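To start, the structure itself, in structure tokens.
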Amino acid sequence: TQLLEQSPQFLSIQEGENLTVYCNSSSVFSSLQWYRQEPGEGPVLLVTVVTGGEVKKLKRLTFQFGDARKDSSLHITAAQPGDTGLYLCAGADDKIIFGKGTRLHILP
Amino acid sequence: ETGVTQTPRHLVMGMTNKKSLKCEQHLGHNAMYWYKQSAKKPLELMFVYNFKEQTENNSVPSRFSPECPNSSHLFLHLHTLQPEDSALYLCASSQGWSRGAGGYTFGSGTRLTVV
Chain A
22 TQLLEQSPQF LSIQEGENLT VYCNSSSVFS SLQWYRQEPG EGPVLLVTVV TGGEVKKLKR
82 LTFQFGDARK DSSLHITAAQ PGDTGLYLCA GADDKIIFGK GTRLHILP
Chain B
-11 ETGVTQTPRH LVMGMTNKKS LKCEQHLGHN AMYWYKQSAK KPLELMFVYN FKEQTENNSV
49 PSRFSPECPN SSHLFLHLHT LQPEDSALYL CASSQGWSRG AGGYTFGSGT RLTVV
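In order, the protein sequences belong to chains A and B. FYI, the numbering for the first sequence is 22 to 129, going by the working numbering. FYI, the numbering for the second sequence is -11 to 103, going by the working numbering.
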């Protein structure tokens, strides 16, 4: 059974701090997606990474796909209250597998 | 209106009721999906439709009945639900049928409470 483990489950930090959240699996994926979900809304796609070792940047967010395409990380620089939300990773191969998410809260 | 629209946003129903969830996408996508999101669980794929043909049913109980009259509309008909069916039901669409490997566009969801 394919599983995606996300860590930490919860993270609460002060505005302006940096943070990294992780998405790990024992399975290889052809691509990996990161979504952010705000309360009362559906997940919104942030990025898709497809090549092992790939790094993508979206303003203050940096996404990296592991060399072996089994894991990924999301680094946020100088976190803002607007970054608050549930961050989901999803691995795609012959099907899509979602992790349980990291719930991030940025304190003003 | 653009994106994926779901109605209603909130629904409270008794176990003997019949209700329907509606999803509409204005993106020209070919594939549509129903997902269930429960607390402390990963998103669970329920049904997949590609060009309005059902291509996947992940062992969902028959009290959930999907309908896809065309590529832009998707319904989830509900009857005799159980309290454990209370959850956020998300509709999603994607360009092409690759089980969303290129990324999904999700609706805002319907928060369902079964009493």
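Just so you know, even glycine gets a beta-carbon here, dropped at the ideal spot from N, CA and C. Remember, predicted model here, so these are calculated numbers, not experimental data.
Checklist entry - Relative to the C-alpha of ALA111/A, which residue among LYS78/A, SER33/A, LEU95/A is closest? => result Nearest of LYS78/A, SER33/A, LEU95/A to ALA111/A, Cα basis: LEU95/A.
Checklist entry - When the cut-off is 8 Å and only beta carbons count, does LEU31/B lie next to chain A? => result At least one C-beta of chain A is nearer than 8 Å to the C-beta of LEU31/B.
Checklist entry - Counting contacts by CB-CB distance shorter than 8 Å, is PHE35/B in contact with chain A? => result False, the Cβ-Cβ gap to chain A never drops below 8 Å.
Item to check | beta strand (DSSP E) runs contained entirely in the stretch 24 to 97 of chain A, provided each spans 3 or more residues | outcome: The qualifying runs are 26 to 28, 31 to 35, 40 to 45, 52 to 58, 65 to 70, 76 to 79, 82 to 86, 92 to 97.
Next on the checklist: Once DSSP output is grouped into helix, strand and coil, what is the label at PRO54/B?
Outcome noted: Here PRO54/B sits in strand by DSSP.
Next on the checklist: Assuming TYR92/B is part of the beta strand (DSSP E), what are its boundary residues?
Outcome noted: Premise fails: TYR92/B is in no beta strand (DSSP E) and is neither H nor E.
Next on the checklist: So that I know if they touch, is there some Cβ in chain B lying closer than 8 Å to that of PHE86/A?
Outcome noted: Put simply, the CB of PHE86/A is far from chain B, with every gap to its CB atoms at 8 Å or more.
Checklist entry - Does TYR92/B come within less than 8 Å of chain A when only Cβ atoms are used? => result Yes, contact with chain A.
Checklist entry - With a cut-off of 8 Å, does the C-beta of GLY95/B fall near any C-beta of chain A? => result At least one chain A Cβ lies under 8 Å of GLY95/B.
Checklist entry - Span of the beta strand (DSSP E) holding THR123/A? => result In the DSSP assignment, THR123/A falls within the unbroken beta strand (DSSP E) covering 123 to 128.
Checklist entry - Rounded to a whole number of angstroms, what is the C-alpha to C-alpha distance between THR43/B and ALA19/B? => result Cα to Cα, the separation comes out at about 10 Å.
Item to check | Rounded C-alpha distance that separates LEU5/A from LYS77/A | outcome: Residue 5/A is absent from the model: chain A starts at 22 and stops at 129.
Next on the checklist: Considering only their Cβ atoms, is the gap separating ILE118/A from ASP104/A smaller than 8 Å?
Outcome noted: Contact flag unset, no.
Item to check | Rounded separation between LYS40/B and PRO54/B - CA only | outcome: Taking C-alpha positions only, LYS40/B is separated from PRO54/B by approximately 11 Å.
Next on the checklist: DSSP three-state label for GLY106/A, please.
Outcome noted: The answer is strand: DSSP assigns GLY106/A an E or B state.
Next on the checklist: Short of 8 Å Cβ to Cβ, which residues in the stretch 63 to 78 of chain A face chain B?
Outcome noted: So the close ones are GLY63, PRO64, VAL65, LEU66, THR69.
Next on the checklist: Let's test the definition: count the other Cβ atoms within 10 Å of the Cβ of SER109/B and tell me whether it reaches 16, buried, or not, exposed.
Outcome noted: No statement about residue 109/B is possible, as the shown extent of chain B runs from -11 to 103 and does not include it.
Next on the checklist: Taking DSSP's pairing of strands, which residues face GLY112/A in a bridge?
Outcome noted: Its beta-bridge partners are LEU53/A, ILE118/A.
Checklist entry - What residues from the stretch 117 to 129 of chain A come within 7 Å of chain B, judged by C-beta to C-beta, listed N to C? => result Those residues of the stretch 117 to 129 of chain A that come within reach of chain B (Cβ to Cβ, closer than 7 Å) are ILE117, PHE119, GLY120, LYS121.
Item to check | Environment of GLU76/B [buried if 16+ CB atoms lie within 10 Å] | outcome: The sequence shown places Leu at residue 76/B, rather than the Glu named in the question. LEU76/B comes out buried.
Checklist entry - Within this structure, are the beta carbons of ASN39/A and THR123/A separated by less than 8 Å? => result Taking C-beta atoms as the reference points, ASN39/A and THR123/A fail to come closer than 8 Å.
Checklist entry - In whole angstroms, what is the alpha-carbon distance linking GLU59/A and SER50/B? => result The alpha-carbon atoms of GLU59/A and SER50/B are separated by roughly 31 Å.
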